[in-house]
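Under our numbering, think of the first position of the sequence shown as 101, with each following residue one higher. Report on the structure given below.
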Amino acid sequence: QQSTQQNVSKETDVDLKDCLLKHMDISVSETEKRTTSALNIRDCYTVYLIETRITDNGWELVEHGLGQIWRRYSEFEQLRHYLCNTYPWAVIPPLPEKKHNFPVHSLATDTFNPDFVDRRRAALENFLHRIAEHPVISKDSMFLMFLQQEDGWRNSILDIGYVKMAEDKLKALNAVVRTKETDPDFEDLRKYSQNVKATLTNILRIRARATLKMYNIYKLNSGYGKVFSEWSAIEKEMGDGLQRAGHFFDSIAAWSDTFLEDEEQIIDQLKEYLYYATSIEDICSKRDMLQLELEKLNDRLSSKKEEKERILQGKIGVISRLFGTVVTDDMKTSKLLQIDQKIDDTQSKIAENKEELVVFKEKAIADVENFQKKKVGDLKDTLESYIQLQIKMARKGVQTWSNIKDCINSIPT
Numbered sequence: 101q102q103s104t105q106q107n108v109s110k111e112t113d114v115d116l117k118d119c120l121l122k123h124m125d126i127s128v129s130e131t132e133k134r135t136t137s138a139l140n141i142r143d144c145y146t147v148y149l150i151e152t153r154i155t156d157n158g159w160e161l162v163e164h165g166l167g168q169i170w171r172r173y174s175e176f177e178q179l180r181h182y183l184c185n186t187y188p189w190a191v192i193p194p195l196p197e198k199k200h201n202f203p204v205h206s207l208a209t210d211t212f213n214p215d216f217v218d219r220r221r222a223a224l225e226n227f228l229h230r231i232a233e234h235p236v237i238s239k240d241s242m243f244l245m246f247l248q249q250e251d252g253w254r255n256s257i258l259d260i261g262y263v264k265m266a267e268d269k270l271k272a273l274n275a276v277v278r279t280k281e282t283d284p285d286f287e288d289l290r291k292y293s294q295n296v297k298a299t300l301t302n303i304l305r306i307r308a309r310a311t312l313k314m315y316n317i318y319k320l321n322s323g324y325g326k327v328f329s330e331w332s333a334i335e336k337e338m339g340d341g342l343q344r345a346g347h348f349f350d351s352i353a354a355w356s357d358t359f360l361e362d363e364e365q366i367i368d369q370l371k372e373y374l375y376y377a378t379s380i381e382d383i384c385s386k387r388d389m390l391q392l393e394l395e396k397l398n399d400r401l402s403s404k405k406e407e408k409e410r411i412l413q414g415k416i417g418v419i420s421r422l423f424g425t426v427v428t429d430d431m432k433t434s435k436l437l438q439i440d441q442k443i444d445d446t447q448s449k450i451a452e453n454k455e456e457l458v459v460f461k462e463k464a465i466a467d468v469e470n471f472q473k474k475k476v477g478d479l480k481d482t483l484e485s486y487i488q489l490q491i492k493m494a495r496k497g498v499q500t501w502s503n504i505k506d507c508i509n510s511i512p513t
C-alpha cells in the first residue's frame, strides 16, 4: 500500500515529473474559414493551425522537430473525450466555449466573428498548453499524434471506439443517484465544484449586465460628439472649442470597443475555471461508476452465496419442482462446484475493484491538489488583470473629460 501511494505521488506531482511543454513549443497561430458541400448543403467551419517545435532534440517521445497541423474544433472535442476516458482520475482542462455564453447583449454573437474566433484560437492554445504541462497526460501517444499526425490520428481515434466513450461518459454523469454508498472526500469535492460553479456563474452574469450599461453609456457619447460638432458650425467665438470637445466625445465611443474586447479576453480566463468545475464534477461521477460496479459485484456475490446455501439445505428451484426433476448427489456436487467457482471469480473481481477505487482516489486527490495550487495563482492574476483594466479605463475617462473641460475653458469670454 505504501509503495502504491509513493508511485501515485510521483506520477501526479508536477514538480517531480517532466512534461512535454518543457521540450516543445506549441502554438495555435492561425485560423481559416473553410466550406464543404455535402448533399448540396454548404457547411462553413473554422480550422486552427497547430504549430510545434522541439526545443530539446534529445527528447525521445516526439518524432518530428517541426510540425504544422490543421484541426477543427470537433477534433479538439474528440481529443478531450479520449483523455477524459483514458485518465478518469485527472482534472482534464476544459475546451473554450463553442458559442457565446454570458454575452453582453446587443453585441455581435456570431461564432464566425473575427474577435470571437481569435479569442477561441488563444483559448485552444491554452488548452493544449494545459495538457502539455501535465506530467502524465502530456506523454500520451494519442496526444502526441494529435499534435503531429493529421490522418494517423483521425484513424486511431476511430479505432479506439469514440462513440462508446461518449456513452460511458453519459452513464457516469447519472451514476451518483444510483450508488448506495458515497465517499465523503468526493462528496465534499462535488459540493465545492458546485459552489464554485454557482459563484462564477453569478459573477459572469453581473459582469455582463454591468458591462452592457457601461458600453451603452460610452456609445451614447457619440451623440454628444455629433451635436457639439453641429453646434460649432453656428457659433463663431465658441466654434473652435465646441468642435474640439466634440472630437473628444467621439473618442470615448471609439475606444469603448477596444475596452470591451480587452475585457472579453480576461473574462475568458474566468470562464475557463467555470468549466473546470465541471471537470471536477466529472471525476466524482467516474468514481461513482467504480462504486456502482463494486456494489453490483457485492450483490452478485450475495446472490451466489444464497444460492449455495439453498443447495446445501436440499432446496430445489421452482422449475425443477414443476417438472419433477430429481436432483442427484452428483448433480448437487457439480452445481456446488460451479457456484464456488463463480463465488471465487466474483471475490477476485471485488478485490480488483476495491484496489482500483483506492488507486483512483489517490491519483484523483493528488491531481486535484496540484490543480488547486495552480488555480489560486491563475484566478489571482485574472482578477488583478480585470481590476487593472477598469482602473485604466477610469483614468482614460478622467483624462478625456479633462480634455473636454480644457476645450470649454478655451472659449473666449
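Backbone N, C-alpha and C define an ideal beta-carbon position, used for all residues, glycine too. For clarity, every value in this text was computed on a predicted model and none was experimentally measured.
Simplified DSSP state of residue i, which is helix, strand or coil
{"i": "L179", "result": "helix"}
{"i": "Y145", "result": "strand"}
{"i": "S510", "result": "coil"}
{"i": "W331", "result": "helix"}
{"i": "F423", "result": "Interpretation of F423 is limited by its pLDDT of 49, a score under 50 that renders its predicted location unreliable; the figure taken from the coordinates is listed afterwards. Coil at F423, not helix or strand."}
{"i": "T152", "result": "strand"}
{"i": "V128", "result": "strand"}
{"i": "N503", "result": "helix"}
{"i": "T211", "result": "coil"}
{"i": "T279", "result": "coil"}
{"i": "K133", "result": "strand"}
{"i": "K522", "result": "The requested residue 522 is not part of the displayed model; the chain covers only 101 to 513."}
{"i": "K404", "result": "helix"}
{"i": "P235", "result": "coil"}
{"i": "D440", "result": "helix"}
{"i": "Q391", "result": "helix"}
{"i": "H229", "result": "helix"}
{"i": "N157", "result": "coil"}
{"i": "Q413", "result": "coil"}
{"i": "Q288", "result": "Before going further, note that residue 288 is Asp rather than Gln in the sequence given. Helix."}
{"i": "D218", "result": "helix"}
{"i": "D445", "result": "helix"}
{"i": "D430", "result": "helix"}
{"i": "D399", "result": "helix"}
For residue i, the residue or residues it bridges with in DSSP
{"i": "G167", "result": "T152"}
{"i": "R172", "result": "V147"}
Where the alpha helix (DSSP H) through residue i begins and ends
{"i": "A190", "result": "No alpha helix (DSSP H) contains A190, which DSSP labels as neither H nor E."}
{"i": "S256", "result": "250 to 259"}
| query | Unbroken beta strand (DSSP E) runs of length 3 or more, entirely within the stretch 298 to 383: which are they? | reply | Segments of the beta strand (DSSP E) lying fully in the stretch 298 to 383: there are none.
| message | Would the stretch 173 to 193 count as touching the stretch 350 to 366 if we require 3 or more Cβ pairs under 8 angstroms? | response | Too few Cβ pairs lie closer than 8 angstroms, so no.
| field | Segment contact flag, the stretch 287 to 299 with the stretch 377 to 393, C-beta cutoff 8 angstroms, min 3 pairs | value | The stretch 287 to 299 makes contact with the stretch 377 to 393: 3 or more CB pairs, one atom from each, lie closer than 8 angstroms.
| task | Could you pull out every unbroken alpha helix (DSSP H) segment of at least 4 residues lying fully inside the stretch 460 to 498, listed in chain order? | result | Counting whole runs of 4 or more residues, the stretch 460 to 498 contains no alpha helix (DSSP H) stretch at all.
| request: Could you tell me whether the stretch 493 to 502 touches the stretch 392 to 401, where touching means 3 or more Cβ pairs closer than 8 angstroms? | output: Flag = no, the stretch 493 to 502 and the stretch 392 to 401 do not touch.
| Is it true that the stretch 477 to 484 meets the stretch 313 to 325, where meeting means three or more beta-carbon pairs spaced less than 8 angstroms apart? | Put simply, the stretch 477 to 484 does not touch the stretch 313 to 325. Fewer than three CB pairs are less than 8 angstroms apart.
| task | Check whether the stretch 331 to 348 touches the stretch 210 to 226, counting contact only when three or more Cβ pairs, one atom from each stretch, lie closer than 8 angstroms. | result | Taking 8 angstroms as the limit for Cβ pairs, the verdict is that the stretch 210 to 226 does not touch the stretch 331 to 348.
| said: Does the contact criterion of 3 or more C-beta pairs under 8 angstroms hold for the stretch 430 to 440 versus the stretch 334 to 350? | reply: The stretch 430 to 440 vs the stretch 334 to 350: no contact.
| Quick check: the stretch 237 to 245 against the stretch 402 to 415, are there 3 or more CB pairs under 8 angstroms? | Cβ pair count under 8 angstroms is below three, so no.
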